[in-house]
């Protein structure tokens, strides 16, 4: 920090010299800095800064203060703010300095604004016109300053005002302007990606810019875009590889070198992008092998920055499709890092090893003793990273030793973030690999005791879910619960005053649920122990509620104790406790009521929870009819409070008139309640004057901006690395030489380390290691979750969907809906999601199905016997698609057939069929030879979609010159602009020789949009209930007599929308995401543009539909 302050103070004097920029400093600032450095206490510093701020406040208030003096005051104010003191009275003067001053004053003013104000500050509104004027200025310095402040502090609701000017700067003749414009657009993409979707083509122009700085700036945008959808940018691989070759070969100007290393940060950025493009793609990875080899060879270990390059090279080598030679070189590089005596290099080696063991766990075996030594290292970060490495290689054989090491580290750790991180990992390992019940309960007790109240809520929740749901064996479940009861009774009999609240809550719940299972335990004793907890002052109110709930469950037959407890709590100041005490009293006195409310032996999984609270629908409807406002979640209310000062970039006349009936219901405007014949204009002020005091004034309508999904977390960087000694550079050779020499007998300490190594690294041999070319079967968790029974209610369907997404169901318990009338298939590990059995609105039902025997291929893939079509068709691109489809799918609307991939023996094509409740992805597998192909199996992976059902993914034989059809029913719950899917087809042309053909493709939100048929009244009522909205001006098709109707019809045809009504210059449109969330569109002709307002219950859905509307109108 001291280096930063020193550099800042060194740079400040140049701000005051209008002639030469020499290091001159005013007497006032010099005296302030000198006085602060001479102080001996914080109190003296506060008094001095207080006096200085008072003097500055008086100076800025004086009408005689010149611009030069104001400039000097701004720098002193920045210095005070840097020290942590409030100088907010200078904020408005900083904006004035940026507006009214010359170049130097603008420079100081913009600098102060960027340091003083954040994106949500209300004073930013005063800066918009100044920035717009400077962006259009011919002065290079003014344009640069405006672009800088736009990229630093402008929020997303100000982007439309400056976006056209920033976009124009991409073609500016000066490279510094183009570079700053690209960085501003990068910031726009981070906070509002949909608003810059239409200029992606210009990003490619920036990537090909002749200036290396502009090209480097564009890589930031492409890194984000490729992270979101790598398949859409595969065509850039060759260009990026060429750029990296030129950089590594030293083709860039010398000013881009850093310590004789050519453009190291550019190399790192390119390596990260290439690793994303080459993941699981052999053909793309092959283009990168040469340049990665060259990067590993040229990045000699002689400076810190080269270590960063080597680290990224290693990650890229292990991320893309593997090549043996590169893997060997990368492993050697990791070994040099890990064996280095420098702490920072050792940390970098451990971090790289932690990454690569996910692909090849055997690599950890080469450095067993080094990892053991790192466990006892004096440096805290080395220990922590070593434990992270051990977590990656944990299995059922070494879990006890690794968990013990983690808990030992936690007992001496004081860092809250590390505790939260590690206890979660210990809990995960305990649930996944626990060798027995006793070890599992004891380990979780250590987790709760060590983590305390810092634990994330999902840790105790998951533990209680394991106990409650159980597994497939009731006997094992009861044994686990008995262990838990015995353990917690033992803990409570000791001093429980210092136990964390979360631990007390878990114990209370377990004792309340499962004490009756332990017949040898006296329930009166348990009640006394829990009552004793209630009397402790350290127990929080929330924990007391848990304890009272437990007492309620075990209070049967103990009326005297319960009445005494209820009497003592009846005077509590906590209303919740008083209410529970009253309920406890009533239950203890009425045995029939107790049996009905808390039936003995009732299965936990049979409980039906209406998570949607549908039983309150009547009450909610009555309240809304009486004038109550719709419910808003706390985060939305907070956002609306922050948006009171949001910038409205639309014309003042663009207010939506509403009828008086809407105003009496809620304060949210409905665009459908339009009064066409009343003669009222669109101005909200005129409306309020004519309608009276009960009308709703819509001027300055709040706009709800959901922030989730737009802000990206900044990537954390590895700690700085030091320069190694010369011994490190030849460590690989030294290691080989040491291996060849005879080793002396190990000492007792070395024997202990070797014994520990044998315990830690057991199970990582060749037979059990993961393979780079295919993941091994994941070990089953220690506690298998029992599949829940299906329920026809909407609430149980909703809860099942959430539970099924994280667990695997057996074939017998797997139920299918009516998405495809076909034989069922079991959920498999090759898919990212488990098919759904039912949906919240009842669209999927359980019906009788024809079942075929499933066959397992390699323990992973489930074979489903298809109705294979083996007509002698030519390749599907030139044939009628309906001839290849089953009879029940022939009449469905479908897209064009596109080729996915091909090789001499096999060709893959695909098309999309559209049902109301799903998208059917049809994969056509064509045999291009005269001979038959055997054992054809298709695997499909898509993280963003739910696979509801599949058909025809496996066939025993595909005859020559024939085509077979495989199709998947896909559902989308969370909207995404574009969704990529990948997969492989394995087949045998010769017995014993299996070939694999990878393929990939892209789906968009438009494929999952369906028309929502509503009346105008239904539209108006639904509009009031939706909370997430987006506004944007779109292109209006003005080449027709009725532009609005023509534009809406074009959107309807392109996106399957339903045009509800068109009234004058306004129109309303409705659609839905398959059978799920609706999205309503209100369109209004605004000059030569179409002002569109979208609302939906899903935050991302309006943005996605808006993007596809823009594309549809641009292509029309």
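Numbering (our numbering), first residue to last: 13 to 1128.
Backbone N, C-alpha and C fix where the C-beta goes; we use that ideal spot for every residue, glycine too.
If we call anything under 8 Å between Cβ atoms a contact, is residue 175 one with residue 158?
no
By the three-class DSSP mapping on this structure, what secondary structure does residue 166 have?
coil
Environment of residue 594 [buried if 16+ CB atoms lie within 10 Å]
exposed
On the DSSP bridge list, what partners appear for residue 961?
981
In chain order, what residues of the same chain lie with their CB nearer than 7 Å to the CB of residue 489, ignoring the 5 residues before and after it?
482, 483
Since residue 306 and residue 260 are thought to touch, with beta carbons under 8 Å apart, how far apart are those beta carbons, to the nearest angstrom?
5 Å
Just to confirm before moving on: does the CB-CB distance between residue 1067 and residue 1097 stay below 8 Å?
no
Simplified DSSP assignment, three categories, for residue 1114
helix
For residue 393 and residue 426, what's the separation of their Cα atoms in angstroms?
13 Å
Thinking just about the alpha-carbon of each residue, which of 975, 469, 76 is nearest to the one in residue 918?
975
How would you label residue 984, buried or exposed, when you count the other beta carbons within 10 angstroms and need 16 or more for buried?
buried
Taking the C-alpha atoms as reference points, what is the distance between residue 252 and residue 263?
15 Å
Less than 6 Å between C-beta atoms, sequence neighbours within five positions excluded: which residues of the same chain meet that for residue 1128?
1062
Own chain partners of residue 1124 with C-beta closer than 7 Å, once the 5 adjacent residues on each side are dropped:
1062, 1063, 1066, 1067
Answer with buried or exposed for residue 851, where buried requires no fewer than 16 other C-beta atoms within 10 angstroms of its C-beta.
The predicted model places residue 851 with a pLDDT of 35, which falls under 50 and marks its position as unreliable; any figure quoted below should be read in that light. The residue is buried, with at least 16 neighbouring Cβ atoms inside 10 Å.
Based on the DSSP secondary-structure assignment, which residues constitute the bridge partners of residue 1023?
1083
Would residue 95 be called buried (16 or more neighbouring beta carbons within 10 Å of its own) or exposed?
exposed
Give me the Cα-Cα distance between residue 51 and residue 75, rounded to the nearest whole angstrom.
33 Å
Does the Cβ-Cβ distance between residue 933 and residue 924 come in under 8 Å?
yes
Are the beta-carbon atoms belonging to residue 546 and residue 536 less than 8 Å from one another?
no
Own chain partners of residue 250 with C-beta closer than 7 Å, once the 5 adjacent residues on each side are dropped:
299
Is any beta-carbon of chain C found at less than 8 Å from that of residue 61?
Included in the structure is just one protein chain, with no chain C present.
List the whole-angstrom C-beta distance separating residue 453 from residue 480, where the pair is believed to meet the contact cut-off of C-beta under 8 Å.
With 8 Å as the limit, residue 453 and residue 480 do not qualify as a contact, their Cβ atoms being about 15 Å apart.
Look at the Cβ atom of residue 529, then the Cβ atom of residue 477, and state whether they are nearer than 8 Å.
no
Let me check understanding here. Comparing Cα to Cα, which of 645, 561, 992 lies closest to residue 1130?
Residue 1130 is absent from the structure shown; the chain starts at 13 and stops at 1128.
I need the boundaries of the alpha helix (DSSP H) containing residue 640, first residue and last residue.
Looking at the DSSP string, residue 640 is not in any alpha helix (DSSP H), and its letter there is neither H nor E.
Going by the beta-carbon positions, is the gap between residue 1080 and residue 1031 smaller than 8 Å?
yes
Excluding the 5 residues flanking residue 1089 on each side, which residues of the same chain have their C-beta closer than 7 Å to its C-beta?
1108, 1109, 1110, 1113
At 4 residues or longer, what runs of the alpha helix (DSSP H) sit wholly inside the segment 122–159?
140–147
According to DSSP, which residues form a beta bridge with residue 1065?
Bridge partners of residue 1065: none, in fact.
Closest by CA to residue 444, which one among 526, 247, 435, 406?
406
Sort out for me which residues DSSP pairs residue 1073 with in a bridge.
1080
Which residues DSSP lists as bridging residue 1041, in chain order:
1107
Quick check: residue 597 and residue 573, are their CB atoms within less than 8 Å of each other?
no
To the nearest angstrom, report how far apart residue 491 and residue 461 are at their CA atoms.
23 Å
Drop a sphere of 10 angstroms on the beta-carbon of residue 63, count the other beta-carbons inside from all chains shown, and report buried for 16 or more, exposed for fewer.
exposed
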